[in-house]
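Asks:
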Amino acid sequence: MANAIVDVDSGSEAVGSGPGCGFRMLTSRGFVEWLARERLSLAVTTYQRGGLFLLGTRPGPTLGLWAAAFGRAMGLHATDQTIWMATATALRRFENDLPPGRVEDGFDRVYVPRVGYTTGDLDVHDLAVDADGRPVFVATRFGCLATVSDRFSFEPVWKPPFLSALVPEDRCHLNGLALEDGRPKYVTMVGTSDVADGWREHRVGGGLVMDVSSNEIICRGLSMPHSPRQIGGKIWLLEAGTGHLGFVDPSTGRFEEVCFLPGFARGLAISGRFAVVGTSMPRRDPSFEGLPLGQNLRSRSTSPRCGLHVIDLESGSVVHWLRFEGPLEELYDVAVLASVVRPKALSFSRRSTVGHRIRFEAGDQGPRHFVPVA
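If you're matching positions, the sequence shown starts at 16 in this note's numbering and goes up one per residue.
1. For Asp-348 and Met-89, what's the separation of their Cα atoms in angstroms?
2. Output needed for Glu-163: all residues of its chain with C-beta closer than 8 Å, excluding positions within five of it in sequence on either side, in chain order.
3. Go to Phe-46, then tell me how far its alpha helix (DSSP H) extends in each direction, as first and last residue.
4. Can you tell me whether Ser-314 is helix, strand or coil according to DSSP?
5. Compute the Euclidean distance between the alpha carbons of Arg-124 and Leu-80, then round it to the nearest angstrom.
6. Alpha carbons only, please: which of Val-130, Leu-252, Val-139 and Arg-129 is nearest the one belonging to Ala-265?
7. Suppose the cutoff is 7 Å on Cβ atoms and the five residues either side in sequence are ignored; what does the same chain contact list for Glu-340 look like?
8. Indicate whether Ser-362 and Ala-93 have their beta-carbon atoms separated by less than 8 Å.
9. Spell out the partners DSSP gives Trp-99 in its beta bridges.
10. Using only the alpha-carbon positions, how far apart do Leu-181 and Cys-159 sit?
11. Please confirm whether Thr-14 and Leu-189 have their CB atoms less than 8 Å apart.
12. Provide the residue span of the beta strand (DSSP E) that contains Gln-245, from first to last.
13. Assign Ala-211 to one of two classes, buried (16 or more other C-beta atoms within 10 Å of its C-beta) or exposed (fewer than that).
14. Which whole-angstrom value describes the C-beta separation of Glu-216 and Ser-208, a residue pair presumed to lie in contact below a C-beta threshold of 8 Å?
15. May I ask which residues mark the beginning and end of the beta strand (DSSP E) holding Ser-179?
16. Check each candidate in Gly-258, Gly-278 and Leu-283 and name the one with the smallest Cα separation from Glu-394.
17. Check whether the region 299 to 316 touches the region 45 to 58, taking contact to mean three or more Cβ pairs, one atom from each stretch, closer than 8 Å.
18. Use the C-beta contact count for Ile-246: other C-beta atoms within 10 angstroms, 16 or more gives buried, fewer gives exposed.
19. For the beta strand (DSSP E) that contains His-217, what are its first and last residues?
20. If you reduce the DSSP assignment to three classes, tell me which class Phe-363 lands in.
21. Which residue wins for smallest C-alpha separation from Ala-280, given the options Asn-111, Phe-303 and Gly-287?
22. For Pro-240 versus Glu-254, is the C-beta spacing smaller than 8 Å?
23. As a quick exercise: from Arg-44, Phe-122, Pro-115 and Ala-101, pick the residue whose alpha carbon is nearest that of Phe-152.
24. By a C-beta neighbour count over all protein chains shown, 10 Å radius and 16 as the cutoff for buried, is Ser-179 buried or exposed?
25. Indicate whether Leu-328 and Arg-357 have their beta-carbon atoms separated by less than 8 Å.
26. Measure the alpha-carbon distance for Val-219 versus Ser-238 and round it to whole angstroms.
27. Can you give me the C-alpha to C-alpha distance between Asp-4 and Phe-167, rounded to a whole angstrom?
28. To the nearest angstrom, report how far apart His-324 and Ser-364 are at their CA atoms.
29. Would you please state the rounded distance, in angstroms, between the beta carbons of Ala-353 and Ser-286? I believe it to be under 8 Å.
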């Protein structure tokens, strides 16, 4: 049996506060090697614990985790040089501070928050950057697409035709955004309600995909769809209410299931033939009761998990995974940092945690990598 060592990078900022805020990570055999082979890193947000996690590789390879504290971190848009992230009341733009080819203390990217827009509490979900370099985001409380403004909390870009007013009532739970040729093209929402909080009555089969440019409904009958991504003529998305990754062909309007994932699926990034999907533990409130996901988990004799899943889109198989265990139960978004080996990000928090080095014996299922985070 071989030994497996994984580090939390020293100086990483604490995420969450108070007793029991720590968590640990468990990975499948080959996850770290996959990151190294594909030469990419992953950015993950958790609004529950208020953090941006950056997962990269250290020499070995071993897994490197950097955690930066930001309240209610949600939607992400990332390139190898820039990260946009939505937080509780602001949009933040991070820029890599290192010159090309430079490595500092083992890190090949240091993302520094350079620009911030104060939005107030819009419950921002998905976030993208259009062809003009302008951030476009889903202002879920108002049920619209929006962009930043120098004078106001936001500037509306589009709203569903069935909404009679732009008011902070989360009527339809608009949540997902996909671009096509650098322009907003498809959105997902949980229902077509035009009353405050009305989307909760449509959780099981009222979800839909809508074409922003034509206001046409492309696909109906979904259960809490999230995270649409337009790739190769298909609209890939997560049907969170059932636990499936799949795609919609706009010509047919049918949702084709590709893979079941054990958890409330939300956060999707596609890199080549691979998809990376985040799953969360269903919340203990009525919004998550009675969903098909529960029966789908029971029929497979499994329980929900909080973590990441790497899916081979050609076979529909989960080829690698990472699981968060402990009090961390919810993720929102995931993004791929292409050609990035080991990133870190700065925030405004003074809290910090010392890196831990923990050694565990590998079992029959391969190395089990545990990372405690204080």
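Here a beta-carbon is modelled for each residue, glycine too, at the ideal position from N, C-alpha and C.
Replies: So, to answer that:
1. Working through the sequence shown from its first residue, we reach residue 348 at position 333. Working through the sequence shown from its first residue, we reach residue 89 at position 74. Straight-line Cα distance between these residues: approximately 6 Å.
2. What you label residue 163 is simply residue 148 of the sequence shown in a count that begins at 1. Correcting the residue identity first, residue 163 is Val in this sequence and not Glu. Cβ neighbours of Val-163 beyond the five flanking positions: Leu-106, Tyr-132, Thr-134, Arg-149, Pro-150, Phe-169 and Glu-170.
3. Translated into the one-based positions of the sequence shown, residue 46 becomes position 31. That run of the alpha helix (DSSP H) goes 46 to 53.
4. Counting from 1 along the sequence shown, the entry for residue 314 is found at position 299. It is helical.
5. Locating residue 124 in the sequence shown gives position 109, where the first residue counts as 1. Locating residue 80 in the sequence shown gives position 65, where the first residue counts as 1. If I take the Cα positions, the gap works out to 13 Å.
6. Taking the sequence shown and counting its residues from 1, the one referred to as residue 265 is at position 250. It is worth fixing the name first, because residue 265 is Pro in this sequence and not Ala. Nearest of Val-130, Leu-252, Val-139 and Arg-129 to Pro-265, Cα basis: Leu-252.
7. Position 325 of the sequence shown holds residue 340. Cβ within range, chain order: Phe-38, Arg-39 and Leu-41.
8. Looking up residue 362 in the sequence shown gives position 347. Looking up residue 93 in the sequence shown gives position 78. Result no, Cβ atoms of Ser-362 and Ala-93 do not sit closer than 8 Å.
9. Within the sequence shown, numbered from 1, the residue matching residue 99 stands at position 84. The partner list for Trp-99 (beta bridge, DSSP) reads His-92 and Arg-108.
10. For this step, residue 181 is matched to residue 166 along the sequence shown. For this step, residue 159 is matched to residue 144 along the sequence shown. Distance between the alpha carbons of Leu-181 and Cys-159: 8 Å.
11. Here the chain covers residues 16 to 389 and nothing more, so residue 14 does not appear.
12. To locate residue 245, count along the sequence shown from 1; it is residue 230. That run of the beta strand (DSSP E) goes 240 to 246.
13. Translated into positions along the sequence shown, residue 211 becomes position 196. Flag for Ala-211 reads exposed.
14. To locate residue 216, count along the sequence shown from 1; it is residue 201. To locate residue 208, count along the sequence shown from 1; it is residue 193. Contact holds; Cβ gap of about 7 Å.
15. As a working mapping, residue 179 is identified with position 164 in the sequence shown. Run containing Ser-179: none; DSSP gives neither H nor E here.
16. Past the boundaries of the shown model lies residue 394; the chain is included only from 16 to 389, so the question cannot be answered.
17. no
18. Reading the sequence shown from its first residue, position 231 is the one you call residue 246. Result: exposed.
19. Counting from 1 along the sequence shown, the entry for residue 217 is found at position 202. Unbroken run through His-217: none, as it is neither H nor E.
20. For the purposes of this step, residue 363 is taken as the residue at position 348 of the sequence shown. Phe-363 falls in the coil class under three-state DSSP.
21. Residue mapping note: residue 280 aligns to position 265 of the sequence shown, counting from 1. Out of Asn-111, Phe-303 and Gly-287, Phe-303 has the C-alpha closest to the C-alpha of Ala-280.
22. The count along the sequence shown starts at 1 and reaches residue 240 at position 225. The count along the sequence shown starts at 1 and reaches residue 254 at position 239. Result yes, Cβ atoms of Pro-240 and Glu-254 sit closer than 8 Å.
23. As a working mapping, residue 152 is identified with position 137 in the sequence shown. Checking every option, the nearest Cα to that of Phe-152 belongs to Ala-101.
24. On the sequence shown, residue 179 is found 164 positions in, with the first residue counted as 1. Ser-179 should be labelled exposed.
25. The count along the sequence shown starts at 1 and reaches residue 328 at position 313. The count along the sequence shown starts at 1 and reaches residue 357 at position 342. In this structure, Arg-357 does not lie closer than 8 Å to Leu-328 by Cβ.
26. Against the sequence shown, residue 219 aligns to sequence position 204. Against the sequence shown, residue 238 aligns to sequence position 223. Whole-angstrom Cα-Cα distance: 5 Å.
27. Because residue 4 is not part of the residues shown, which for the chain are 16 to 389, the question remains open.
28. Working through the sequence shown from its first residue, we reach residue 324 at position 309. Working through the sequence shown from its first residue, we reach residue 364 at position 349. Cα to Cα, His-324 sits roughly 29 Å from Ser-364.
29. For this step, residue 353 is matched to residue 338 along the sequence shown. For this step, residue 286 is matched to residue 271 along the sequence shown. The pair is a contact, with the Cβ atoms about 7 Å apart (cut-off 8 Å).
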